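J.: Could you have a look at this structure, given as structure tokens, before my questions?
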């Protein structure tokens with residue numbers, strides 16, 4: 011009801027009852043006041059609706075720029091089109107983000123790793139197949155700053171030491187012991203072992219473009235028992251975790267934080283964690299749309315970076331290059347020269363191997 015309508019209604023009431031003119035006047039005043047109040051409320055409601063619409067628009071704009079929005083974007087091309095031309099005779103699209111191959115050649119695995127596929131295996135009718143996976147959503151941790159290490163992890167740090175490439179069989183056994191054989195079948199383990207045996211020099215796919223395979227181990231300082239570990243590989247400044255295990259309470263979490271610190275000290279740009287899981291998110295990771303993940307990978311895979319533990323003398327009380335480094339000492343280290351982190355190499359310092367082919 012508008013103010014005019016309210017006034018007209020009040021006038022009609024007053025004309026019908028002259029003896030109650032005063033009361034009618036009061037009613038008219040109250041009606042006008044009520045109508046005015048109603049108009050004010052309507053205006054306020056309209057303003058609130060406009061503000062809500064503006065807020066919704068702002069939220070939509072923010073969502074468009076957020077990682078969550080990126081996750082919902084459709085791939086730029088069909089799944090099968092992500093297989094590079096030089097791999098199309100060996101790898102085929104299977105279902106959604108899974109691909110399939112009968113080949114387990116180590117160099118083929120390196121090419122797949124270089125292109126962003128995470129190699130796993132499966133068994134069907136007593137035959138093993140390679141199932142490279144190119145996740146539509148990839149969980150990653152960008153290593154642009156040192157990560158937060160919880161106090162509970164720091165308290166355990168003095169009990170453990172971290173090493174690289176010291177126990178391939180021990181790490182594989184630990185993964186089988188904890189997880190069974192969900193995808194670590196003999197053919198892919200054999201290929202990983204051959205890549206592991208190449209060592210830090212890696213497999214050079216193109217000029218100064220290498221893939222290196224790694225094992226990460228965490229040992230109990232007192233017993234020297236292997237308590238946690240993982241398998242992984244590097245392509246340029248990107249490290250990818252494949253699978254891992256833990257035998258002691260808190261050792262797996264400590265291993266992840268220790269590895270994250272080591273990657274940061276060595277100047278790596280991205281830690282590829284594969285499929286999203288809550289414990290990965292607790293490290294500060296985020297999910298990226300497939301194409302955004304590949305953009306990052308293509309940017310950083312061309313910068314060769316070596317992963318290594320700071321060189322320590324065998325007499326050092328913090329560890330040695332062979333036996334590893336005490337995790338407490340690792341946590342206390344800082345990247346003193348951001349322009350030249352640990353693991354930086356010049357082309358003259360790198361050893362190369364003959365480029366391999368597969369077929």
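Numbering (our numbering), first residue to last: 11 to 369. The beta carbon of each residue, even a glycine, is placed where N, CA and C say it ideally should be. Just so you know, these numbers come straight off a predicted model, no measurement behind them.
Roughly how many angstroms separate the alpha carbons of residue 288 and residue 297, rounded to a whole number?
T.: For this step, residue 288 is matched to residue 278 along the chain shown. For this step, residue 297 is matched to residue 287 along the chain shown. So the alpha carbons of these two residues sit roughly 11 Å apart.
J.: Alpha carbon to alpha carbon, how far is residue 310 from residue 137? Give it in angstroms, no decimals.
T.: What you label residue 137 is simply residue 127 of the chain shown in a count that begins at 1. What you label residue 310 is simply residue 300 of the chain shown in a count that begins at 1. Their Cα atoms are separated by approximately 36 Å.
J.: Tell me the DSSP secondary structure of residue 309 in three-state form.
T.: On the chain shown, residue 309 is found 299 positions in, with the first residue counted as 1. Correct three-state label for residue 309: helix.
J.: Below 8 Å between beta carbons: does that hold for residue 314 and residue 179?
T.: For the purposes of this step, residue 314 is taken as the residue at position 304 of the chain shown. For the purposes of this step, residue 179 is taken as the residue at position 169 of the chain shown. Not closer than 8 Å, so no.
J.: Who are residue 148's beta bridge partners in DSSP?
T.: Start at 1 with the first residue of the chain shown, and residue 148 comes out as number 138. DSSP lists 298 as partners of residue 148.
J.: Below 8 Å between beta carbons: does that hold for residue 302 and residue 86?
T.: The residue given as residue 302 occupies position 292 in the chain shown. The residue given as residue 86 occupies position 76 in the chain shown. Contact: no.
J.: Rounded to a whole number of angstroms, what is the C-alpha to C-alpha distance between residue 306 and residue 278?
T.: Within the chain shown, residue 306 is the residue found at index 296, counting from 1. Within the chain shown, residue 278 is the residue found at index 268, counting from 1. If I take the Cα positions, the gap works out to 12 Å.
J.: Is residue 286 closer than 8 Å to residue 120 when the C-beta atoms are compared?
T.: Here the question's residue 120 lines up with position 110 in the chain shown. Here the question's residue 286 lines up with position 276 in the chain shown. No, these two residues do not count as a Cβ contact at 8 Å.
J.: My output table needs one value for residue 204: the three-state DSSP class, helix, strand or coil.
T.: Here residue 204 refers to the residue found at position 194 when the chain shown is read from its first residue. Residue state, collapsed to three classes: helix.
J.: Assuming residue 110 and residue 151 make a contact with CB atoms under 8 Å, what is their CB distance in whole Å?
T.: For the purposes of this step, residue 110 is taken as residue 100 along the chain shown, with counting starting at 1. For the purposes of this step, residue 151 is taken as residue 141 along the chain shown, with counting starting at 1. Residue 110 to residue 151, Cβ: 29 Å. No contact.
J.: In this structure, what does DSSP give as the bridge partners for residue 236?
T.: In the chain shown, counting from the first residue as 1, residue 236 sits at position 226. Residue 236 is bridged to 229.
J.: Evaluate contact between the stretch 200-218 and the stretch 115-130, counting only Cβ atoms and requiring at least three cross-stretch pairs below 8 Å.
T.: The stretch 200-218, when compared against the stretch 115-130, does touch it at the 8 Å Cβ threshold.
J.: Can you tell me the Cβ-Cβ gap for residue 269 and residue 226, rounded? I've got them flagged as a contact below 8 Å.
T.: Indexing the chain shown from 1 puts residue 269 at position 259. Indexing the chain shown from 1 puts residue 226 at position 216. Indeed they touch by this definition, with Cβ atoms about 5 Å apart.
J.: Is it the case that the CB of residue 179 approaches a heavy atom of the ligand FAD more closely than 7 Å?
T.: Of the ligands one can find in the structure shown there are none, so the ligand FAD has no counterpart to examine.
J.: Measure how close the beta-carbons of residue 222 and residue 237 come, nearest whole angstrom, since I'm counting them as under 8 Å.
T.: Residue 222 sits at position 212 when you count from the first residue of the chain shown. Residue 237 sits at position 227 when you count from the first residue of the chain shown. Incorrect: roughly 24 Å between the Cβ atoms, too far for contact.
J.: Using CA atoms only, rank isn't needed, just tell me which of 95, 103, 260, 252 is closest to residue 372.
T.: This structure cannot settle anything about residue 372, because the visible part of the chain is limited to 11 through 369.
J.: Express the C-alpha separation of residue 342 and residue 271 in angstroms, rounding to a whole number.
T.: The sequence position of residue 271 within the chain shown is 261, counting from 1. The sequence position of residue 342 within the chain shown is 332, counting from 1. Going by the C-alpha atoms only, they are around 10 Å apart.
J.: Would a C-beta distance cut-off of 8 Å place residue 7 and residue 172 closer than the cut-off?
T.: Nothing can be reported for residue 7: it is not among the residues displayed for the chain, which extend from 11 to 369.
J.: What separation, rounded to the nearest whole angstrom, lies between the Cα atoms of residue 212 and residue 245?
T.: By one-based count along the chain shown, residue 212 stands at place 202. By one-based count along the chain shown, residue 245 stands at place 235. Their backbone Cα atoms lie some 10 Å apart in a straight line.
J.: Under three-state DSSP, which class holds residue 374?
T.: Here the chain covers residues 11 to 369 and nothing more, so residue 374 does not appear.
J.: Kindly indicate the opening and closing residues of the beta strand (DSSP E) around residue 179.
T.: In the chain shown, counting from the first residue as 1, residue 179 sits at position 169. First-last for residue 179: 178-189, but that is the alpha helix (DSSP H), not the beta strand (DSSP E).
J.: Between the Cα of residue 319 and those of 280, 175, 293, 97, spot the shortest distance and give me the residue it belongs to.
T.: Within the chain shown, residue 319 is the residue found at index 309, counting from 1. It is 175.
J.: Of all the options 284, 104, 263, 254, which has the alpha carbon lying nearest to the alpha carbon of residue 164?
T.: Taking the first residue of the chain shown as position 1, residue 164 is located at position 154. Here the closest residue by C-alpha is 263.
J.: Check residue 89 in the structure and name its three-state DSSP category.
T.: Here residue 89 refers to the residue found at position 79 of the chain shown. In this structure, residue 89 counts as helix in the three-state DSSP scheme.
J.: From the DSSP output, in three-state form, read off residue 336 for me.
T.: Here the question's residue 336 lines up with position 326 in the chain shown. Residue 336 falls in the strand class under three-state DSSP.
J.: In this structure, how does DSSP classify residue 141 when only helix, strand and coil are distinguished?
T.: As a first step, residue 141 is located in the chain shown; it is residue number 131 there, counting from the start. DSSP places residue 141 in strand when its eight states are reduced to three.
J.: Write down the C-beta distance between residue 105 and residue 126 rounded to the nearest angstrom, noting that I regard them as a contact closer than 8 Å.
T.: Position 95 of the chain shown holds residue 105. Position 116 of the chain shown holds residue 126. 18 Å between Cβ atoms; not a contact.
J.: Can you name, in chain order, every residue of its own chain whose Cβ lies under 7 Å from the Cβ of residue 190, other than the five neighbours on each side?
T.: For the purposes of this step, residue 190 is identified with residue 180 of the chain shown, where counting begins at 1. Once the five neighbours on either side are set aside, residue 190 has no close Cβ partner at all.
J.: Where does residue 103 sit, in a helix, a strand or coil, going by DSSP?
T.: Translated into positions along the chain shown, residue 103 becomes position 93. The answer is strand: DSSP assigns residue 103 an E or B state.
J.: Starting from the C-beta of residue 97, find all residues in its chain whose C-beta is less than 8 Å away, skip the five residues before and the five after it, and write them out in chain order.
T.: Indexing the chain shown from 1 puts residue 97 at position 87. Contacts found: 118, 121, 122, 125.
J.: Note down the Cα distance separating residue 184 from residue 194, rounded to an integer number of angstroms.
T.: Walking along the chain shown from the start, residue 184 turns up at place 174. Walking along the chain shown from the start, residue 194 turns up at place 184. Their Cα atoms are separated by approximately 11 Å.
J.: How would you write the range of the beta strand (DSSP E) that residue 280 sits in, first residue to last?
T.: The sequence position of residue 280 within the chain shown is 270, counting from 1. Where residue 280 is concerned, the enclosing beta strand (DSSP E) stretches over 280-284.
J.: Any idea what DSSP makes of residue 171, helix, strand or coil?
T.: Taking the chain shown and counting its residues from 1, the one referred to as residue 171 is at position 161. Residue 171 falls in the strand class under three-state DSSP.
J.: To the nearest angstrom, how far is the alpha carbon of residue 293 from that of residue 134?
T.: By one-based count along the chain shown, residue 293 stands at place 283. By one-based count along the chain shown, residue 134 stands at place 124. Cα-Cα distance, rounded: 35 Å.
J.: Work out the CA separation of residue 94 and residue 210 for me, nearest whole Å.
T.: What you label residue 210 is simply residue 200 of the chain shown in a count that begins at 1. What you label residue 94 is simply residue 84 of the chain shown in a count that begins at 1. Using only the alpha carbons, I get a separation of about 26 Å.
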